[in-house]
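Notes for the one structure printed next.
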Amino acid sequence: MKTIGLACLIALTLPAQALAWGEEGHSIVAEIAQRRLDAASLAKIQVLLAAETPSVDHPAASLSSIASWADDYRASHPDTAAWHFVNIPDDRSTYDPDADCRNGACVVDAIARFRTVLADCSKPAADRLEALKFLVHFVGDVHQPLHATDRWDAYTGKDDQGGNLIPVMFFGQSTNLHAVWDTGLIMRTVYDWGAYVVRLETTWFPGRDLTGLSGGSPADWAADSHRLAHEVAYDIPDDGAIGARYFTKAQPVVDRQLALAGIRLARLLQEALAPTPSCQ
Ligand SMILES: [Zn+2]
């Protein structure tokens, strides 16, 4: 009973915005990134990760093993909740830092802040490890289209909180639009996140021209996610019943966003960890 009471209390106090890609999505992004790190960056990351406490699930720490830590952390630190998304209004096409990221409380600024900490070798290792854990998670989050938008919902008379307040039926199951993008589309494609990585490595990456795609800034990534939310994620039938037609259009977007998040994360980490005169 106490447990149920506590669970209800936590549910009531949690920020309404959902937790972003589920664990699967974050693990996929992190694993794709880790496979693309150069040896020097990987070695520095492994030194930081060595301080992580091994668990039964993760006897050796990896980027995928720490990729969802920020969602756990946010449950006990609600002041960090706004760092997981950026609410660019659906009816505006560009990111406006003054309006969308007040006091740095959005994913775009959070990525910039933690990149600076990770890059600074004069900072304590514990702070840099924490920055790494936030970065691995937030680069994933900013690529989830519904983490970069917010739409006024005439039906509820409220902001829809990135689709959290839009009830839908996903292949006959009652859920909300945000959850469809966090986990529904991924799990329907491949149930096992490791197999999803293999799928992207064998079907998405080969032969694809990635010129320019690994670059850009977190603000660019957010604007791109926002566009995809407008064009694809919100393109739901009036009755809210999402099935094969929607899946066929949305699934390639999920592949793209997970793959691009992975290569962009690798690049961001490598640039942050590149030797400088003061940090070798
Ligand atoms: Zn998150």
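Residues in the sequence shown are numbered from 65 upward in steps of one, following my numbering. The C-beta atom is built at its ideal place from N, Cα and C for all residues, glycine as well. These numbers were taken from a predicted model, which means no experiment stands behind them.
Under the three-state reduction of DSSP, which class applies to Ala115: helix, strand or coil? For the purposes of this step, residue 115 is taken as the residue at position 51 of the sequence shown. In the structure shown, Ala115 sits in coil (DSSP, three-state: anything other than H, G, I, E or B).
Segments assigned alpha helix (DSSP H), at least 4 residues, entirely inside the stretch 187-215: Entirely contained in the stretch 187-215, the alpha helix (DSSP H) runs reaching 4 residues are, in chain order, 189-205.
So, are the CB atoms of Leu292 and Val317 less than 7 Å apart? To locate residue 292, count along the sequence shown from 1; it is residue 228. To locate residue 317, count along the sequence shown from 1; it is residue 253. Yes, these two residues count as a Cβ contact at 7 Å.
Could you tell me whether the Cβ atoms of Ser289 and Arg331 are closer together than 7 Å? Counted from its first residue, the sequence shown places residue 289 at position 225. Counted from its first residue, the sequence shown places residue 331 at position 267. Contact: no.
Please return the same chain residues whose Cβ sits closer than 6 Å to the Cβ of Ile92, not counting the five positions on each side in sequence. Taking the sequence shown and counting its residues from 1, the one referred to as residue 92 is at position 28. These residues qualify, in order along the chain: Trp257, Tyr260, Val261, Leu322.
Below 6 Å, is the gap between the Cβ of Asp214 and the nearest heavy atom of ligand 1? On the sequence shown, position 150 is the one that residue 214 refers to. Every heavy atom of ligand 1 is 6 Å or more from the Cβ of Asp214, so no.
Could you please give the first and the last residue of the uninterrupted alpha helix (DSSP H) stretch that includes Gln334? On the sequence shown, residue 334 is found 270 positions in, with the first residue counted as 1. Taken as a continuous stretch (DSSP letters only), the alpha helix (DSSP H) holding Gln334 covers 308-337.
In terms of residue numbering, what span does the alpha helix (DSSP H) encompassing Gln237 cover? Working through the sequence shown from its first residue, we reach residue 237 at position 173. No alpha helix (DSSP H) holds Gln237; the beta strand (DSSP E) holding it covers 237-240.
Would you call Leu274 buried or exposed, if buried means 16 or more other Cβ atoms sit within 10 Å of its Cβ? Here residue 274 is taken as the residue at index 210 of the sequence shown, counted from 1. Exposed, because fewer than 16 other Cβ atoms sit within 10 Å of the Cβ of Leu274.
Leaving aside the five residues before and after Leu76 along the sequence, list all residues of the same chain whose C-beta is less than 8 Å from its C-beta, in chain order. By 1-based counting over the sequence shown, the position of residue 76 is 12. Only weak support is given to the placement of Leu76: the predicted model assigns it a pLDDT of 38, under 50, and the value that follows is read from those uncertain coordinates. Nothing meets the Cβ criterion.
Since Glu95 and Ser132 should fall inside the 8 Å C-beta cutoff, what is the C-beta to C-beta distance between them, to a whole number of angstroms? For the purposes of this step, residue 95 is taken as the residue at position 31 of the sequence shown. For the purposes of this step, residue 132 is taken as the residue at position 68 of the sequence shown. Incorrect: roughly 13 Å between the Cβ atoms, too far for contact.
Mapping DSSP to helix, strand and coil, what is Phe234? Here residue 234 refers to the residue found at position 170 when the sequence shown is read from its first residue. Three-state DSSP puts Phe234 in a strand.
Taking the Cβ atom as the reference point for each residue, do Val203 and Ala325 lie within a distance shorter than 7 Å? Along the sequence shown, one-based indexing puts residue 203 at 139. Along the sequence shown, one-based indexing puts residue 325 at 261. Yes. Within cutoff.
Using the Cα positions of Ile327 and Phe269, report the straight-line distance between them to the nearest angstrom. Indexing the sequence shown from 1 puts residue 327 at position 263. Indexing the sequence shown from 1 puts residue 269 at position 205. The alpha-carbon atoms of Ile327 and Phe269 are separated by roughly 10 Å.
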